[in-house]
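Asker: Line order of the protein sequences matches chains A and B.
According to my numbering, the first sequence holds residues 1 to 301 in order.
According to my numbering, the second sequence holds residues 1001 to 1538 in order.
Just so you know, even glycine gets a beta-carbon here, dropped at the ideal spot from N, CA and C.
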Amino acid sequence: MSSTASHTMTDLAMTDPSLHHHAHHFRSAAHEFAACKQGMWLFLVQEVLFFSGLFVAYVMMRGFNFEAFHDAAKFLDWRLGAINTVILIVSSVTMVMAVTSAQTGKKKETVRYLIATFFLACGFCVVKYFEWTHKFHMGILPGGSFLHPSLFHPKLVLSLGGLSLLLMGYYASQAKGGLIGKKAFWIYLLMLGAFAFLVVQYLGFASHHGAGAIEVHGEEARELIARFPKAPLFFSCYFMMTGVHALHVVGGMIVILWLISRAEDGEFTPAYYTPVEMVGLYWHFVDLVWIYLFPLLYLVG
Amino acid sequence: MTMSYAKAAVGTELNYLNHDRSLKSWLFTLDHKRIGLMYLFTTLFFFLLGGIFATLIRIELMTPGRTIMSADTFNQVFTYHGSIMVFMVIIPLVPAAIGNLILPLQLGAKDVAFPRLNLASYYIFLLGALIAASTLFLNGVDTGWTFYAPYSIRTSTSTILVVLGAFIMGFSSILTGLNFIVSIHKLRAKGLTWGRLPLFLWAIYATSILQVVATPVLAITLFLLMFERLTGIGIFDPVIGGDPVLFQHFFWFYSHPAVYIMILPSMGIISEVIPVFSRKPIFGYKAMAAATFGIALVAFVVWAHHMYTSGQSELANFVFSLLTMFVAVPTGVKVFSWIATMYKGSIRFNAPMLYAFSFLFVFTIGGLTGVMLAAIAADIHLHDTYFVVAHFHYVMVGGTLNGMLAGLHYWFPKVFGRMYDERKAFISWLLIFLGFNVTFFPQFILGTQGMPRRYYDYLPQFTFLNQVSSVGSWIIALGFAVAAYNLLSALRSGPKAPANPWRGLTLEWQTASPPPHENFLVDPIVTEGPYEYRGDKV
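Here it is as structure tokens:
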């Protein structure tokens, strides 16, 4: 994702990062900005359609199993969901502040607000991590795996987490030397710590043998499924919806790190702050999806 | 369209093909023309692969019972034929390959709006295709290209990988559509107003909307199917309390608009070819553009006509049947407008026009049989028979492929700078046309007589027509071989093409053949519509 791949990039742009040379097929930077905005909105349209499939599935399953969903939702802690909602809303605010700072040429503030957004997103992921692992320990897993925990799920989730961190590290390094030597360098250390944590957890699961190797305290889950055999469908929806959403949050985090790196290099000026604006649009979308998810999943119990 | 440009086009050596011949310049190209070529050769390769599977199907169906393969293998063969042809050939072929080659030229632009995204879209497509094709060396797949639950959940074949491949290829489709929409909005040449936009671009626009809006629904469907197999989510699995018909709704919500993704660009090509080779303006330009969008709109509300026998309510059947009938209206507007365009025109029978003629004949049959299937009472009997198979091959092969071949021959001189041989083109056209009808018309009859589709075995009374159909498939294959030979030898040693061999009026003809790297030496300016064949332009 380096900024050097347009047709007629000159050395001028390479020496002064604030001199953005718009792509040659556009008439001006403003023309390019308008096109990028239209492109990002179209991308968000398709994201809406993507999530809509999950929402339709939820609506259908809930329509068929109304009481089962009501009781199953009690296993979700609405306070954790509310915390996550607040976290994301605040992160949207910090994101908007980042865009405004970039638009007015305030480099330090742009970096600060982007880092704040990134941090809040980390908080979201941490809360999600504990929610999910708590459920795994109760034997609550998607659909057919309900009360039949296999090592597959924790290991899969941990692997995805590790992969996300690797991608974050990679993209943070992309723009001109990455975060090395910059103020945000400590983010690398944070990621390294998180990665080490995930590796330890993964190895912990890998050393278990046989079925039932995950310590499961499944009394409540067993009681639920006895009353409502189709209750696991609720958790299928829950894991799929929050999982796909979390993947989008992580994707956003990766791109924000790339933005931090470019912002520290001074690439964003009042004449060119397109990437910040585009990521801002995306981030608001991610927030909006959660605003719909929260009541549907957490507030029906 | 008159425009100012430097007449240095013909005879200039440097063009987009030869200005840099290094491998790196191809692999990392941002030039939409090179990306279009990469799409073209990749999709044509997969067309050959899908065609081989088709030939195998027809050989197996020469006799009832076992001919050359077991029943399980047969299930895999038709699944691969369908999946390859749908996801790796016919969805990307006209929009991504021909669209990439021609769209910026017709816009008078230097490239698409997002060239890097364009290249990424190609590699995403390639990755998805390779992942899906890798299953040929693993456990295969035998679910049919529609992956219906619950069988797709239970089968022990490499379903996840094929579905993953299709999922990834979907993103290529979405991003290409996004790119084209922004290009058409933001990169039109000076004077190229919406009312002067060539109909091919209107078609690409409508197709791109379908790609952006419908494909994500397929993506989530396949995503859910993958996780169904991985973790047993259960929303499609009756054992856990899910609903397999829900899968069908999800699947067809995309896959019906998908068939319009397949046909609209080809219709756009026909709208380009007929005016040029009739030396007449298109009849009803505004109605044609509106009809294109009418078809795209109706495409979204008819999906459950694939599900009349799924057990859904009579009301649902009634609603979807009625809505499906409506698509015949804009389609009819187009067919009649094409015919009216030719009326009192000065027809020239070059290869593109031959393919346009066969398109009109074959697509009309396909479309009319679609209306027959839209009627519930008929469909109850014809569902999952060879009547349906014949219907969709008539519209997809007869329609889309004829349109693609028309476009391929029409723009061949522009893209490659060479003229193909008209006599060989005529022979290949004739073989394809005859072979196609010999292959698929008997299947209408077989369907009405009750032969089910996807069946390895059949009643003895169906043998003769099956054999006729199989012989037809060899004739088509021969036709494509001749076409391939014609075009490939033209690439090597065909006569050099002038900038505007067909005397067309759209912008792509106002630059050299092949075009220079930046498309136009001077930014074109448009002063009139794209089909103004009047006076000295006839």
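Is there a C-beta anywhere in chain B that falls below 8 Å from the one on P142 (chain A)?
Answerer: The residue given as residue 142 (chain A) occupies position 142 in the first sequence. It does; some Cβ of chain B falls within 8 Å.
Asker: Just verifying my parser: in three-state terms, what is the DSSP assignment at P1452 (chain B)?
Answerer: Translated into the one-based positions of the second sequence, residue 1452 (chain B) becomes position 452. Three-state DSSP puts P1452 (chain B) in a strand.
Asker: Find the nearest neighbour of G105 (chain A) within the set A:L163, A:L192, A:Q201 and A:T274, judged by alpha-carbon distance.
Answerer: If you number the first sequence from 1, residue 105 (chain A) lands on position 105. Answer by Cα proximity: A:T274.
Asker: Can you tell which of A:T110, A:G81, A:A82 and A:I83 has its C-alpha closest to the C-alpha of M95 (chain A)?
Answerer: In the first sequence, counting from the first residue as 1, residue 95 (chain A) sits at position 95. Checking every option, the nearest Cα to that of M95 (chain A) belongs to A:T110.
Asker: Would you mind stating whether G1447 (chain B) and L1382 (chain B) have Cβ atoms separated by less than 8 Å?
Answerer: Taking the first residue of the second sequence as 1, we reach residue 1447 (chain B) at position 447. Taking the first residue of the second sequence as 1, we reach residue 1382 (chain B) at position 382. Yes, these two residues count as a Cβ contact at 8 Å.
Asker: Helix, strand or coil for K1496 (chain B) per DSSP?
Answerer: Against the second sequence, residue 1496 (chain B) aligns to sequence position 496. Looking at K1496 (chain B) - three-state DSSP - the assignment turns out to be strand.
Asker: Would you say V1217 (chain B) reaches chain A, if we count a Cβ-Cβ gap shorter than 8 Å as a contact?
Answerer: Stepping through the second sequence from its first residue, residue 1217 (chain B) is reached at position 217. Closer than 8 Å to some Cβ of chain A, the Cβ of V1217 (chain B) qualifies, so yes.
Asker: Judging by CA-CA distance, which residue of B:L1323, B:Q1443 and B:S1083 is the nearest neighbour of I1376 (chain B)?
Answerer: Taking the second sequence and counting its residues from 1, the one referred to as residue 1376 (chain B) is at position 376. The shortest Cα separation from I1376 (chain B) among B:L1323, B:Q1443 and B:S1083 belongs to B:L1323.
Asker: With distance defined between alpha-carbon atoms, name the residue in A:I291, A:E32, A:F228 and A:G252 nearest to F66 (chain A).
Answerer: Taking the first residue of the first sequence as position 1, residue 66 (chain A) is located at position 66. Here the closest residue by C-alpha is A:F228.
Asker: Going by the beta-carbon positions, is the gap between V1362 (chain B) and G1403 (chain B) smaller than 8 Å?
Answerer: Counting from one through the second sequence, the residue named residue 1362 (chain B) turns up at place 362. Counting from one through the second sequence, the residue named residue 1403 (chain B) turns up at place 403. No, the Cβ-Cβ distance between V1362 (chain B) and G1403 (chain B) is not below 8 Å.
Asker: Check whether the Cβ atoms of P1501 (chain B) and P1413 (chain B) lie closer than 8 Å to each other.
Answerer: Taking the first residue of the second sequence as 1, we reach residue 1501 (chain B) at position 501. Taking the first residue of the second sequence as 1, we reach residue 1413 (chain B) at position 413. Cβ atoms of P1501 (chain B) and P1413 (chain B): closer than 8 Å.
Asker: By the 7 Å beta-carbon criterion, what residues does the region 1168-1190 of chain B contribute toward chain A?
Answerer: Residues passing the 7 Å Cβ filter: I1174, L1178, I1181, V1182, H1185, K1186 and L1187.
Asker: Counting only Cβ pairs nearer than 8 Å, list the residues of chain A close to G1367 (chain B).
Answerer: Taking the first residue of the second sequence as 1, we reach residue 1367 (chain B) at position 367. Neighbours of G1367 (chain B) on chain A: none; closest Cβ ~28 Å, over 8 Å.
Asker: Classify Y58 (chain A) as helix, strand or coil using the three-state DSSP reduction.
Answerer: Counted from its first residue, the first sequence places residue 58 (chain A) at position 58. Note: Y58 (chain A) maps to helix in three-state DSSP.
Asker: Tell me the start and end of each unbroken alpha helix (DSSP H) in the region 1411-1462 of chain B that is at least 4 residues and wholly inside, in chain order.
Answerer: Fully enclosed alpha helix (DSSP H) runs of 4 or longer: 1422-1448.
Asker: Using DSSP with H/G/I as helix, E/B as strand and the rest coil, what is T1067 (chain B)?
Answerer: In the second sequence, the residue the question calls residue 1067 (chain B) occupies position 67. In this structure, T1067 (chain B) counts as coil in the three-state DSSP scheme.
Asker: Classify Y1016 (chain B) as helix, strand or coil using the three-state DSSP reduction.
Answerer: On the second sequence, residue 1016 (chain B) is found 16 positions in, with the first residue counted as 1. Three-state DSSP puts Y1016 (chain B) in coil, outside helix and strand.
Asker: Would you give the residue range spanned by the alpha helix (DSSP H) that Y1151 (chain B) belongs to?
Answerer: Taking the first residue of the second sequence as position 1, residue 1151 (chain B) is located at position 151. Its alpha helix (DSSP H) spans residues Y1151 to R1154.
Asker: Note down, in chain order, every chain B residue with its Cβ under 9 Å from the Cβ of L233 (chain A).
Answerer: For the purposes of this step, residue 233 (chain A) is taken as residue 233 along the first sequence, with counting starting at 1. Those are I1233, G1234, I1235, I1240, G1241 and G1242, listed as they occur along chain B.
Asker: Below 8 Å on the Cβ atoms is my guess for F234 (chain A) versus A73 (chain A); work out the distance and round it to an integer in Å.
Answerer: Within the first sequence, residue 234 (chain A) is the residue found at index 234, counting from 1. Within the first sequence, residue 73 (chain A) is the residue found at index 73, counting from 1. Going by Cβ atoms, the distance from F234 (chain A) to A73 (chain A) rounds to 6 Å, so yes, they are a contact pair.
Asker: Using the Cα positions of P1281 (chain B) and R1503 (chain B), report the straight-line distance between them to the nearest angstrom.
Answerer: In the second sequence, residue 1281 (chain B) corresponds to position 281, counting from 1. In the second sequence, residue 1503 (chain B) corresponds to position 503, counting from 1. Rounded to the nearest angstrom, the two C-alpha atoms are 13 Å apart.
Asker: Quick one: Cα of W1194 (chain B) to Cα of G161 (chain A), how far?
Answerer: Stepping through the second sequence from its first residue, residue 1194 (chain B) is reached at position 194. Stepping through the first sequence from its first residue, residue 161 (chain A) is reached at position 161. So the alpha carbons of these two residues sit roughly 48 Å apart.
Asker: Leaving out five residues on either side along the sequence, give the residues of the same chain with a beta carbon under 7 Å from the beta carbon of P1530 (chain B).
Answerer: Mapped onto the second sequence, residue 1530 (chain B) falls at position 530. Once the five neighbours on either side are set aside, the close Cβ partners of P1530 (chain B) are M1001, R1196, P1198, L1505 and T1506.
Asker: May I have the straight-line CA-CA distance separating Y1080 (chain B) from A1189 (chain B), to the nearest angstrom?
Answerer: Along the second sequence, read from residue 1 onward, the residue named residue 1080 (chain B) stands at position 80. Along the second sequence, read from residue 1 onward, the residue named residue 1189 (chain B) stands at position 189. Distance between the alpha carbons of Y1080 (chain B) and A1189 (chain B) is about 43 Å.
Asker: Please go through the same chain and pick out, in chain order, the residues whose beta-carbon is closer than 8 Å to the beta-carbon of T1369 (chain B), but skip the five residues on each side of it.
Answerer: The residue labelled residue 1369 (chain B) in the question sits at position 369 within the second sequence. So the list reads F1387, A1390, H1391, Y1394 and F1444, once near-sequence residues are dropped.
Asker: What's the gap between the Cα of V1094 (chain B) and the Cα of G1065 (chain B)?
Answerer: Residue numbering aside, residue 1094 (chain B) sits at position 94 when the second sequence is read from its first letter. Residue numbering aside, residue 1065 (chain B) sits at position 65 when the second sequence is read from its first letter. C-alpha separation (whole angstroms): 38 Å.
Asker: In the DSSP assignment, find the alpha helix (DSSP H) that holds I1098 (chain B) and state where it starts and stops.
Answerer: Taking the first residue of the second sequence as 1, we reach residue 1098 (chain B) at position 98. Unbroken run through I1098 (chain B): none, as it is neither H nor E.
Asker: Please name the residues in the region 1023-1041 of chain B whose beta-carbon is closer than 8 Å to at least one beta-carbon of chain A, in chain order.
Answerer: Flagged, chain order: L1030.
Asker: How about F50 (chain A): is its C-beta nearer than 8 Å to some C-beta of chain B?
Answerer: Taking the first sequence and counting its residues from 1, one reaches residue 50 (chain A) at position 50. Yes, its Cβ sits closer than 8 Å to a Cβ of chain B.
Asker: Would you report the Cα separation of V1182 (chain B) and H24 (chain A), rounded to the nearest angstrom?
Answerer: Indexing the second sequence from 1 puts residue 1182 (chain B) at position 182. Indexing the first sequence from 1 puts residue 24 (chain A) at position 24. If I take the Cα positions, the gap works out to 16 Å.
Asker: Rounding to the nearest angstrom, what Cα-Cα distance links P1514 (chain B) and I1052 (chain B) in this structure?
Answerer: Taking the second sequence and counting its residues from 1, the one referred to as residue 1514 (chain B) is at position 514. Taking the second sequence and counting its residues from 1, the one referred to as residue 1052 (chain B) is at position 52. Roughly 32 Å separates the two Cα atoms.
Asker: May I have the straight-line CA-CA distance separating A1497 (chain B) from M1267 (chain B), to the nearest angstrom?
Answerer: Indexing the second sequence from 1 puts residue 1497 (chain B) at position 497. Indexing the second sequence from 1 puts residue 1267 (chain B) at position 267. So the alpha carbons of these two residues sit roughly 26 Å apart.
Asker: Please check if any C-beta of chain E sits within less than 8 Å of the C-beta of G53 (chain A).
Answerer: Structure shown: chain E not included; protein chains present are A and B.
Asker: Please classify K1190 (chain B): does DSSP put it in a helix, a strand, or coil?
Answerer: Mapped onto the second sequence, residue 1190 (chain B) falls at position 190. Three-state DSSP puts K1190 (chain B) in a strand.
Asker: Roughly how many whole angstroms lie between the Cα atoms of L296 (chain A) and S1172 (chain B)?
Answerer: Your numbering for residue 296 (chain A) matches position 296 in the first sequence. Your numbering for residue 1172 (chain B) matches position 172 in the second sequence. Those two C-alpha atoms are separated by around 32 Å.
Asker: Would you give the residue range spanned by the alpha helix (DSSP H) that I1269 (chain B) belongs to?
Answerer: As a first step, residue 1269 (chain B) must be located in the second sequence, where it is residue number 269. Residues P1244 to S1278.
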